[in-house]
Amino acid sequence: MGVTAMLALPLLLLGISGLLFIYQEVSRLWSKSAVQNKVVVITDAISGLGKECARVFHTGGARLVLCGKSWERLQSLYDALSSVADPSKQTFTPKLVLLDLSDISCVQDVAKEVLDCYGCVDILINNASVKVKGPAHKISLELDKKIMDANYFGPITLTKALLPNMISRRTGQIVLVNNLQGKLGIPFRTAYAASKHAALGFFDCLRAEVEEYDVVVSTVSPAFIRSHHVLPGQGNWEASVWKFFFRKLTYGVHPVDVAEEVMRTVRRKKQEVFMANPIPKAAMYIRTFFPEFFFAVVACGVKEKLSVPEEG
């Protein structure tokens with residue numbers, strides 16, 4: 012009896028591990044089949060996350076339209092995707108498109124070029140984003156407008172240009188890769204947070220408007236996306252309560268994880284995904300239910316940050 016009991020737990024764990032492995036493999040294959048032959052537009056495909064999304068969707072057999080501001084970097088991405096393509100699996104040559112979303116005047120032409128080429132767009136992934144950091148009174152209105160053009164007006168202009176095609180075909184999905192700051196304002200990020208709040212508000216409204224046409228609107232909001240493979244180095248920022256609260260204990264989400272989540276969001280047609288570790292999630296709830304306490308903590312963190320001398 013004792014020997015049987017001792018063997019039961021390892022066998023149970025082995026069985027559970029096997030089931031999880033099978034589930035992950037089936038889920039991965041299902042994800043890829045969901046985008047096979049689909050026309051997928053990815054903005055800012057040359058960013059860290061954009062490259063990972065391009066890799067995931069290209070492997071899944073999507074007809075990619077890769078948009079970016081640098082032709083050289085787009086070509087490098089094209090070469091990288093071509094070099095890892097599996098000849099035994101059906102993949103399509105990506106289409107490269109120069110697109111700077113902060114230049115609103117060229118967005119309509121890009122949309123027309125894509126529709127003329129493929130006749131439709133099945134999935135639009137709005138990934139482009141421009142960041143700025145600094146006290147509100149030191150950020151010029153010109154820079155505020157530039158951030159709004161890149162993070163808000165650019166994505167919605169492209170969305171509006173492609174949306175009639177989706178509505179007429181009664182199918183399609185629009186994915187906004189947003190940010191925690193679309194839900195939670197962080198000091199010294201006024202322009203960026205405002206643009207992300209605006210984008211989230213637009214797509215939340217749009218979701219309800221296009222539901223009757225079977226067009227899905229999804230938002231994926233990571234706390235922040237890690238730009239390096241190493242953890243951030245230590246420095247004076249440790250003295251700031253704010254950064255301890257929102258960064259030190261989280262370290263961000265890796266681009267690979269976000270790209271995989273975007274794929275799952277497309278496959279499952281999920282409406283909203285919030286990717287964050289417990290600390291930012293707790294902050295969201297505190298902001299909602301205990302706003303005075305939340306603002307007091309934020310103000311305390313800002314005061315401590317301002318009292319710390321800058322390095323260098």
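Read in order, the letters of the sequence shown are residues 12 to 323 in this note's numbering.
Beta carbons are placed, not taken as given, at the ideal position from N, Cα and C, and that holds for glycine.
- Residue burial annotation: F301 is exposed, with fewer than 16 other C-beta atoms found within 10 angstroms of its C-beta.
- In the three-state DSSP reduction, T182 falls in the coil class, being neither helix nor strand.
- Counting C-beta atoms within 10 angstroms of its own C-beta, I27 has fewer than 16 neighbours from the protein chains shown and is therefore classed as exposed.
- Boundaries around R298 are those of the alpha helix (DSSP H), P289 to F300, since no beta strand (DSSP E) includes it.
- S229 is a Cβ neighbour of T276, given a cutoff of 7 Å.
- By alpha-carbon distance to E222, the top candidate from F213, G212, I178 and V186 is I178.
- With a cut-off of 8 Å on Cβ pairs, the stretch 133 to 144 is not in contact with the stretch 82 to 90, counting fewer than three such pairs.
- Taking the CA atoms as reference points, S58 sits about 13 Å from D111.
- Shown here, C64 sits in a helix according to DSSP, grouped into three states.
- Inter-segment contact for the stretch 92 to 105 and the stretch 127 to 139 is absent: fewer than three beta-carbon pairs are separated by less than 8 Å.
- The DSSP-derived three-state label of I197 is coil.
- In this structure, L109 sits away from L77, with a CB-CB distance that is not shorter than 7 Å.
- Around G193, the same chain offers K207, H208, A210, L211 and S232 as residues with beta carbons nearer than 7 Å, after the five sequence neighbours per side are excluded.
- In this structure E272 touches V284 by the C-beta definition: roughly 6 Å separates them, less than 8 Å.
- Per DSSP, V125 has no beta-bridge partner at all.
- As computed with DSSP, T230 is found in a beta bridge with L187 and E283.
- In the DSSP secondary-structure assignment, R74 is bridged to V50.
- A residue is called buried once 16 or more other Cβ atoms fall within 10 Å of its Cβ, and V227 is buried on that count.
- Rounded to whole angstroms, M159 and C117 show a C-alpha spacing of 16 Å.
- Here DSSP, grouped into helix, strand and coil, assigns N176 to helix.
- Boundaries of the beta strand (DSSP E) harbouring K106: K106 to L109, taken from the DSSP string.
- Considering only R66, A56 and M286, the residue with the shortest C-alpha distance to G79 is A56.
- In this structure, G196 sits away from I236, with a CB-CB distance that is not shorter than 7 Å.
- Here L92 is buried. Its C-beta has 16 or more other C-beta atoms within 10 Å.
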